[in-house]
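Going by my numbering, the first residue of the sequence shown is number 578, and it counts up by one from there.
Ideal Cβ positions, reconstructed from N, Cα and C, are used throughout, including at glycine.
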Amino acid sequence: MRSITVTINLSIVLNDQEAKSVADISLYNAWVGRTQYQFSVPPKYALLEPTDVITVTKDNAAYLMRITSTKLVRELNRPRRTEWCQCMCDW
């Protein structure tokens, strides 16, 4: 099994339970952020913003994702603009 060490320096005093909570949340966020996706959506989704949570369905499976960045682009082969999203899974 591979081991990874993560160090977090905080300028605050925490008791053992608070420190464990910070560590658990940090490790969980790193774990869910390990898989990222990029895709384009039609203009009707132009109001999507980073931190929005969406559900993407593929092959009868639903994936909960959090948008991390968006960009409005104009595709050369299409007369309309599309929203480009980068997401990470939020299991």
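query, result
"Return the CA-CA distance between Arg611 and Tyr605, expressed in angstroms with no decimal places.", "10 Å"
"Measure the beta-carbon distance from Pro627 to Ser646 and round it to whole angstroms, keeping in mind my assumption that it falls under 8 Å.", "6 Å"
"Alpha carbons only, please: which of Val630, Val650 and Leu625 is nearest the one belonging to Met642?", "Val630"
"What is the DSSP secondary structure of Trp668, reduced to helix, strand or coil?", "Its pLDDT being 47, under 50, Trp668 is placed unreliably in this model, and the value from its coordinates should be taken loosely. Of the three classes helix, strand and coil, the one that applies to Trp668 here is coil, per DSSP."
"Have a look at Ile581 and Ala596 and give me their C-alpha separation to the nearest angstrom.", "18 Å"
"Check whether the Cβ of Val583 lies closer than 7 Å to any heavy atom of the ligand MG, and answer yes or no.", "Ligands in the displayed structure: none, and consequently the ligand MG is not present."
"Suppose contacts are defined by Cβ-Cβ distances below 8 Å. Is Cys603 in contact with Val583 by that definition?", "The displayed chain sequence assigns Ser, not Cys, to residue 603. In contact: Ser603 and Val583 (Cβ atoms closer than 8 Å)."
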